[in-house]
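A.B. asks:
Residue numbers (this note's numbering): 19 to 436.
(1) Just tell me which of 283, 288, 37 and 282 has its CA closest to the CA of residue 275.
(2) Note down the Cα distance separating residue 292 from residue 124, rounded to an integer number of angstroms.
(3) Tell me, please, whether the region 319-336 touches the region 229-238 by the rule of three or more beta-carbon pairs shorter than 8 angstroms.
(4) Mind checking who residue 42 pairs with in its DSSP beta bridge?
(5) Could you tell me the alpha carbon to alpha carbon distance between residue 316 and residue 247, rounded to whole angstroms?
(6) Quick check on residue 294: does DSSP put it in helix, strand or coil?
(7) In angstroms with no decimal places, state the Cα-to-Cα distance between residue 402 and residue 415.
(8) Below 6 angstroms CB to CB, which residues in the same chain sit around residue 151 once its five sequence neighbours on both sides are set aside?
(9) Do the region 152-160 and the region 261-278 make contact, defined as three or more Cβ pairs closer than 8 angstroms?
(10) Does residue 327 come out as helix, strand or coil in the three-state DSSP assignment?
(11) Give the DSSP-derived three-state secondary structure of residue 423 in the structure shown.
(12) DSSP on residue 100, reduced to helix/strand/coil?
(13) Mapping DSSP to helix, strand and coil, what is residue 407?
(14) Around the Cβ of residue 90, are there at least 16 other Cβ atoms within 10 angstroms (buried) or fewer (exposed)?
(15) Taking Cβ positions only, does residue 323 come closer than 8 angstroms to chain D?
(16) Among 39, 339, 196 and 381, which residue has its Cα nearest to the Cα of residue 362?
(17) Can you name the residues that DSSP bridges to residue 305?
(18) Under three-state DSSP, which class holds residue 432?
(19) Hey, residue 173 and residue 112: beta-carbon distance below 8 angstroms or not?
(20) Give me the Cα-Cα distance between residue 75 and residue 230, rounded to the nearest whole angstrom.
(21) For residue 386, count neighbouring Cβ atoms within 10 angstroms of its own Cβ and tell me buried if that reaches 16, exposed if not.
(22) Would you give the residue range spanned by the alpha helix (DSSP H) that residue 93 belongs to?
(23) Assign residue 342 to one of three DSSP states: helix, strand, or coil.
(24) When you compare the region 204-220 with the region 242-257, are there three or more beta-carbon pairs, one atom per stretch, that lie closer than 8 angstroms?
(25) My understanding is that residue 430 touches residue 300, with C-beta atoms under 8 angstroms, so please give their C-beta distance in whole angstroms.
(26) Select from 196, 308 and 328 the residue whose C-alpha is nearest the C-alpha of residue 279.
(27) Please confirm whether residue 243 and residue 322 have their CB atoms less than 8 angstroms apart.
(28) So who's on the other strand from residue 161, going by DSSP bridges?
(29) In three-state terms, what does DSSP make of residue 62?
(30) Per the contact definition of three or more C-beta pairs closer than 8 angstroms, is the region 220-227 in contact with the region 98-107?
(31) For residue 333, list the residues DSSP reports as bridge partners.
(32) Check whether the Cβ atoms of residue 501 and residue 281 sit closer than 8 angstroms, and answer yes or no.
(33) Relative to the C-alpha of residue 261, which residue among 168, 298 and 366 is closest?
(34) What is the residue span of the alpha helix (DSSP H) that residue 142 lies within?
(35) Measuring only the C-alpha atoms, how far is residue 355 from residue 182?
(36) Taking only the alpha-carbon atoms, compute the straight-line gap between residue 177 and residue 329 and give it to the nearest angstrom.
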């Protein structure tokens, strides 16, 4: 007998052998969003979810089981148990940032392709470890800097790279900021949370609800804050793309000023300005968006976005918005013999297609490493209090052992990059 594919799979035209068996590690706010979005692709079959909060994994399982009309989705507290399964092809990693690389490294060892939420790393040595592992095991990697799959950001970068703005003097980034909070009283760990596993490689600290919300990105034990995880890496990644710097990066970095709380739970930078100098003379000026509006009059059009200023015009861009001078830049058609960039209009779809084709995604590991490096440059120039030079080939600060020591951090035993 010939059985139609839809009879077997429950999805018209997609046979089980054509489906990607997917699992998610980290199904809190962003992770749940990924689950619900990936469920919408007919060639995805969700097999399992993992989270250290029972309520999160139960909620995600509920969405999946409802979609498929069964109770087949498995749940895990420990990511290693999920990754050991042979029937899973790919994983979505959307945990707190201090866990990204450790989970990514194990996914590589187990041969799992991965959609890997930004940023790549908590500290620079994690970048190197992830690149080595992805290349060694040949897994497909998609960094979650999804603005590369946005037509307005792509068009902006094509305008810059083809010289339509003339000589680009500066790129202004406005990232998020936040309001500091005071010290938080210790609280009992809620039932259903494996707090020791949540902390993982981070130092042991008293539990408080605010520590384990999405605002963990404002705590230095788990994130670089708004410089990277909370928003900054998205725009830094686009700056890199526009500068054709996906295999290199800025040569100099200088912290102009920063402010962060002296005490309290949140201890990352909340206002700052840092300058990165590229070999072509362009300066990337990364600031919180409030400082950017004060610093650059034209930036008022582009709260929480980017401004590219050249000798022949400018472009302001953010999600859902683009403006330019002259206005003709907005409708400029990039010719077939010009520098046309990788086109993706759906970041998750791009990942799934590359899992099948084994081609490189729009945000592969080398792109992730180089964009993350810019954020680490900024953090380290603030921590050392001096202007630094960077060698993109050696991936070090030349002749500066103090700065180079800050490229790594200790991890709480038994966790390590090895």
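Glycine included, C-beta positions come from ideal geometry on N, C-alpha and C. Predicted model, so just to flag it, every value in this text is computed and none were measured.
C.D. replies: Considering the structure as presented:
(1) Position 257 of the chain shown, counted from the first residue, corresponds to residue 275. Each of 283, 288, 37 and 282 was checked against the Cα of residue 275, and the nearest Cα belongs to 288.
(2) On the chain shown, residue 292 is found 274 positions in, with the first residue counted as 1. On the chain shown, residue 124 is found 106 positions in, with the first residue counted as 1. Roughly 34 angstroms between the two C-alpha positions.
(3) With fewer than three CB-CB distances shorter than 8 angstroms, the region 319-336 does not count as touching the region 229-238.
(4) Your numbering for residue 42 matches position 24 in the chain shown. For residue 42, which the question treats as bridged, DSSP gives the partners 67 and 110.
(5) One-based indexing of the chain shown puts residue 316 at position 298. One-based indexing of the chain shown puts residue 247 at position 229. So the two alpha carbons sit approximately 26 angstroms from each other.
(6) Here the question's residue 294 lines up with position 276 in the chain shown. Under the three-state reduction of DSSP output, residue 294 falls in the strand class.
(7) Within the chain shown, numbered from 1, the residue matching residue 402 stands at position 384. Within the chain shown, numbered from 1, the residue matching residue 415 stands at position 397. Distance between residue 402 and residue 415, taken at the CA atoms: about 12 angstroms.
(8) If you number the chain shown from 1, residue 151 lands on position 133. Taken in chain order, the residues that qualify are 123 and 126.
(9) no
(10) Stepping through the chain shown from its first residue, residue 327 is reached at position 309. Here residue 327 sits in strand by DSSP.
(11) As a working note, residue 423 is residue 405 in the chain shown. Here residue 423 sits in helix by DSSP.
(12) On the chain shown, residue 100 is found 82 positions in, with the first residue counted as 1. In this structure, residue 100 counts as helix in the three-state DSSP scheme.
(13) In the chain shown, the residue the question calls residue 407 occupies position 389. Looking at residue 407 - three-state DSSP - the assignment turns out to be strand.
(14) Your numbering for residue 90 matches position 72 in the chain shown. Exposed, because fewer than 16 other Cβ atoms sit within 10 Å of the Cβ of residue 90.
(15) Within the model displayed, chain D is absent; a lone protein chain is all it includes.
(16) As a first step, residue 362 is located in the chain shown; it is residue number 344 there, counting from the start. Considering only alpha carbons, the answer is 381.
(17) The residue you call residue 305 lines up with position 287 of the chain shown. As DSSP reads the structure, residue 305 sits in a beta bridge with 192 and 291.
(18) Reading the chain shown from its first residue, position 414 is the one you call residue 432. Reduced to three states, the DSSP call for residue 432 is coil.
(19) By 1-based counting over the chain shown, the position of residue 173 is 155. By 1-based counting over the chain shown, the position of residue 112 is 94. Cβ distance not < 8 angstroms, so residue 173 and residue 112 don't count as in contact.
(20) Counted from its first residue, the chain shown places residue 75 at position 57. Counted from its first residue, the chain shown places residue 230 at position 212. Whole-angstrom Cα-Cα distance: 16 angstroms.
(21) Here residue 386 refers to the residue found at position 368 when the chain shown is read from its first residue. Residue 386 comes out buried.
(22) As a working note, residue 93 is residue 75 in the chain shown. Here residue 93 belongs to no alpha helix (DSSP H); instead the beta strand (DSSP E) covers 92-94.
(23) In the chain shown, counting from the first residue as 1, residue 342 sits at position 324. Residue 342: strand per DSSP, three-state reduction.
(24) no
(25) Here the question's residue 430 lines up with position 412 in the chain shown. Here the question's residue 300 lines up with position 282 in the chain shown. In fact, because the Cβ distance is near 40 angstroms, the residues do not count as touching under 8 angstroms.
(26) Locating residue 279 in the chain shown gives position 261, where the first residue counts as 1. Per the Cα distances, 196.
(27) Residue 243 sits at position 225 when you count from the first residue of the chain shown. Residue 322 sits at position 304 when you count from the first residue of the chain shown. Not in contact: residue 243 and residue 322 (Cβ atoms no closer than 8 angstroms).
(28) Residue 161 sits at position 143 when you count from the first residue of the chain shown. BP columns for residue 161 point to 134.
(29) For the purposes of this step, residue 62 is taken as the residue at position 44 of the chain shown. Reduced to three states, the DSSP call for residue 62 is strand.
(30) Too few Cβ pairs lie closer than 8 angstroms, so no.
(31) Start at 1 with the first residue of the chain shown, and residue 333 comes out as number 315. DSSP output for residue 333 lists 326 and 342 as bridge partner(s).
(32) In the structure as shown, the chain begins at 19 and stops at 436. Residue 501 is therefore absent and cannot be evaluated.
(33) Position 243 of the chain shown holds residue 261. Ranking 168, 298 and 366 by Cα distance to residue 261 puts 298 first.
(34) Within the chain shown, the letter at position 124 stands for residue 142. Counting along the chain, the alpha helix (DSSP H) containing residue 142 begins and ends at 142-155.
(35) Position 337 of the chain shown holds residue 355. Position 164 of the chain shown holds residue 182. About 15 angstroms.
(36) Position 159 of the chain shown holds residue 177. Position 311 of the chain shown holds residue 329. Approximately 13 angstroms, taken between the alpha carbons.
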